[in-house]
Amino acid sequence: MKLRYFHQCKIFNCFYATLSSHILVLVLLLYSGHGVDVKPQKEPYLPDYEVYHNLSTLNIFIQNMAASFPNFVKVDWTYKSLQHRSQYLLHVTNFSSSKNYFIHDGMEVRKIQILFSYGEHAREFFPVESLIFLLKNITQGASALSESFQYKFSKFILTNFDLYIIVMANPDGRFYVEMSDNYCWRGTSKGVDINRNFGWEFGKKGSSSDPNDEEYRGPSSFSEPETKVFTTITERNNFDVFISFHSGTRQIYLPFADTRSKLTHRIPDNLITLTKLASALSVSTAHKYQFGRTSELTDYTADGTSFDYMAGVKHIPLTLAIELWGRNNHVGPSCFDQFNPQSEQLQREISDIHPLYVTFFQFTLKWKTSSVIKHQVQSLSSFIQVHYLLTGCLLIGIIVLLVQGRLLFCHRLYSRKHIISLRSLSSTLTYWGFIKSV
Numbered sequence: 000m001k002l003r004y005f006h007q008c009k010i011f012n013c014f015y016a017t018l019s020s021h022i023l024v025l026v027l028l029l030y031s032g033h034g035v036d037v038k039p040q041k042e043p044y045l046p047d048y049e050v051y052h053n054l055s056t057l058n059i060f061i062q063n064m065a066a067s068f069p070n071f072v073k074v075d076w077t078y079k080s081l082q083h084r085s086q087y088l089l090h091v092t093n094f095s096s097s098k099n100y101f102i103h104d105g106m107e108v109r110k111i112q113i114l115f116s117y118g119e120h121a122r123e124f125f126p127v128e129s130l131i132f133l134l135k136n137i138t139q140g141a142s143a144l145s146e147s148f149q150y151k152f153s154k155f156i157l158t159n160f161d162l163y164i165i166v167m168a169n170p171d172g173r174f175y176v177e178m179s180d181n182y183c184w185r186g187t188s189k190g191v192d193i194n195r196n197f198g199w200e201f202g203k204k205g206s207s208s209d210p211n212d213e214e215y216r217g218p219s220s221f222s223e224p225e226t227k228v229f230t231t232i233t234e235r236n237n238f239d240v241f242i243s244f245h246s247g248t249r250q251i252y253l254p255f256a257d258t259r260s261k262l263t264h265r266i267p268d269n270l271i272t273l274t275k276l277a278s279a280l281s282v283s284t285a286h287k288y289q290f291g292r293t294s295e296l297t298d299y300t301a302d303g304t305s306f307d308y309m310a311g312v313k314h315i316p317l318t319l320a321i322e323l324w325g326r327n328n329h330v331g332p333s334c335f336d337q338f339n340p341q342s343e344q345l346q347r348e349i350s351d352i353h354p355l356y357v358t359f360f361q362f363t364l365k366w367k368t369s370s371v372i373k374h375q376v377q378s379l380s381s382f383i384q385v386h387y388l389l390t391g392c393l394l395i396g397i398i399v400l401l402v403q404g405r406l407l408f409c410h411r412l413y414s415r416k417h418i419i420s421l422r423s424l425s426s427t428l429t430y431w432g433f434i435k436s437v
């Protein structure tokens, strides 16, 4: 997500090792106060758009996929950037079935609602390419041989999940990168980092009010039209999962990243489950991912992020930010090579991290079905408790009624005997002459 020139090695060693080659850059930074990321840098390599997708080929890919697989992919073209470029909100599931649930161990379970976000930062090409690879696997596998892994994977996804995807959250920023060849550009067309523009701890020191800074947060929370898709879709859907995908290193972030959370050691809901998920993802590929609460994993804070907002405000149970790829020991002010592999290595790198997606879906299904079973057991337990309580109350009521009835019967019997005794007594007294007859 963030440039880590001084975060990936010891400051003094890096400084002395690179002082001679970067002294001019450092002087300019001190003089201007501007973040290096807003200026173009000399890049060791650039993307080959015969391999990487630019906005034009991405648009063609999305249109072709929706046209070729209408039973599996639908595109909502409503959501657009400031300059009216589509953010490509996809909905991926099995639309040929009207059921919004699947059967697990005889139980009806609502399809798992997932929201993925890509392209929040303009310079991070790799996450979008990993999404394209995932979409190809899901759709093309549906027509593969029924015994193949590809078919089973596609059926698994399309049957059990409602997958919503914001393909390009920041298309204007991406357009600027492509047109300017400034592969350090991170923000929107106005330079706003939309991943600092959300209404969670907005405006603190983990962001910037300087339009020339890479973490410029904008004038107010949700000031940018690019954030509307996030707020609207989460109002319409009750999501189980939200993940914001990035690149720059190999790390998995749990909420929270903001300054206040770092000071107060705030923890997210479902911390245990989130940790288990992150742990499973961290070893799902040949690459080892670091993971943990962001406030503990990083030495900087980030206020107003999308995933903190989803965890802290929307209370989506499983919320993460994942940086899928990064170059080890990156040194220097260049950017494209820090966030994206060389074109000739792209397909291999994408294939290498694909098991992370597979592990994620498998874990999420297990978590969801276990949660449903646990909820049903709790509901059954509550029902049994209520049943026993009502039964006990009924028995007590019956006993009370029986006791009251017995007492009433005895009272009537006693009253009857009492009247007879008085009459008998009167007759007896008369008989013995104690009462004179009138």
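In this text, residue positions in the sequence shown follow numbering that gives the first Met the number 0: the first is 0, and each later residue adds one. Backbone N, C-alpha and C define an ideal beta-carbon position, used for all residues, glycine too. Since this is a predicted model, take the numbers as computed values, not measurements.
7 Å Cβ cutoff met for residue i and residue j
i      : j      : result
Gly247 : Phe338 : yes
Ile251 : Leu270 : no
Ile321 : Ile242 : yes
Leu364 : Asn99  : no
Pro316 : Asp212 : no
Phe101 : Val108 : yes
Ser222 : Glu214 : no
Trp199 : Asp268 : no
Leu157 : Asn63  : no
Leu323 : Pro46  : no
Glu42  : Tyr182 : yes
Thr138 : Phe197 : no
Asn70  : Ser95  : yes
Leu345 : Val50  : yes
Phe362 : Leu273 : no
Of the listed residues the options, nearest to residue i (C-alpha basis)
i      : options                           : result
Thr304 : Phe68, Thr226, His329 and Lys154  : Thr226
Asp257 : His286, Ala141, Asp298 and Tyr44  : Asp298
Trp76  : Ser67, Asn58 and Asn93            : Asn58
Arg216 : Ala301, Ala66, Phe174 and Met106  : Ala301
Phe229 : Tyr78, Gln403, Val37 and Asn136   : Tyr78
Glu177 : Cys392, Pro39, Arg249 and His286  : Pro39
Phe359 : Arg185, Ser369, Ser278 and Lys110 : Ser278
Arg249 : Ile398, Gly291, Lys261 and Thr263 : Gly291
Asp161 : Met106, Lys110, His286 and Thr368 : Lys110
Leu296 : Thr318, Ser97, Asn194 and Leu253  : Leu253
Asp192 : His264, Ile352, Thr318 and Val37  : Val37
Cutoff 6 Å; reference residue i; Cβ partners in own chain excluding five residues on either side
i      : result
Thr233 : Lys313
Met441 : Look at the range of the chain in this structure, 0 to 437, and you will see that residue 441 is not part of it.
Asn236 : Gln112
Glu123 : His245, Ser246 and Phe338
Gly190 : Pro210 and Tyr215
Pro224 : Leu81
Asp48  : Looking at the sequence provided, one finds Tyr at residue 48 rather than Asp. Within the same chain, Tyr48 has no close Cβ partners at all.
Ser153 : Ile137, Gly140 and Ala141
Leu27  : Bear in mind that the predicted position of Leu27 carries a pLDDT of just 33, short of 50, making it too unreliable to give a figure here.
Lys203 : Thr258 and Asp302
Ser220 : Gly198 and Phe201
Sequence-distant residues of the same chain with beta carbon closer than 7 Å to residue i, five excluded per side
i      : result
Asp171 : Ser80, Leu81, Gln82, Arg84, Thr187 and Ser188
Arg173 : Leu54, Gly118, Ala121 and Met167
Pro354 : Ser283 and Thr284
Ser31  : Here Ser31 scores only 33 on pLDDT, less than 50, and its place in the model should not be relied on; the value that follows carries that caveat. None.
Ser20  : With a pLDDT of 38 at Ser20, under the threshold of 50, the modelled position of that residue is not reliable, and the figure given next carries that caveat. Closer than 7 Å at Cβ, skipping near neighbours: no residue.
Arg347 : none
Tyr356 : Leu133
Thr368 : His103 and Val108
Limits of the beta strand (DSSP E) - the one that residue i falls within
i      : result
Gly291 : Gln289 to Arg292
Tyr100 : Tyr100 to His103
Arg109 : Met106 to Arg109
Gln250 : Gln250 to Leu253
Ile242 : Val240 to His245
Lys73  : Val72 to Asp75
Chain-order list of residues whose beta-carbon lies under 8 Å from that of residue i (same chain, five-residue window excluded)
i      : result
Phe60  : His52 and Ile131
Ser350 : Phe132
Thr44  : The question names Thr, but residue 44 in the sequence shown is Tyr. Here the set comprises Phe335, Asp336, Gln341 and Ser342.
Leu379 : Caution is warranted here: a pLDDT of 49 is assigned to Leu379, below 50, making its placement in the model unreliable, and no coordinate value can be reported.
Lys287 : Arg249 and Ser281
Cβ-heavy atom distance, residue i to the ligand HEM, below 6 Å
i      : result
Gln149 : The ligand HEM is not part of this structure, which contains no ligands at all.
Start-to-end residues for the alpha helix (DSSP H) that takes in residue i
i      : result
Gln62  : Leu54 to Ser67
Glu234 : Lys227 to Arg235
In chain order, which continuous runs of the beta strand (DSSP E) of length 3 or greater are located wholly inside the region 258 to 298?
Fully contained in the region 258 to 298 are the following beta strand (DSSP E) runs of length 3 or more, in chain order: 289 to 292.
With a floor of 3 residues, list each beta strand (DSSP E) that falls wholly inside the region 296 to 369, ordered by position along the chain.
317 to 322
Whole alpha helix (DSSP H) runs in the region 87 to 174 with 4 or more residues, listed along the chain?
125 to 140 and 148 to 159
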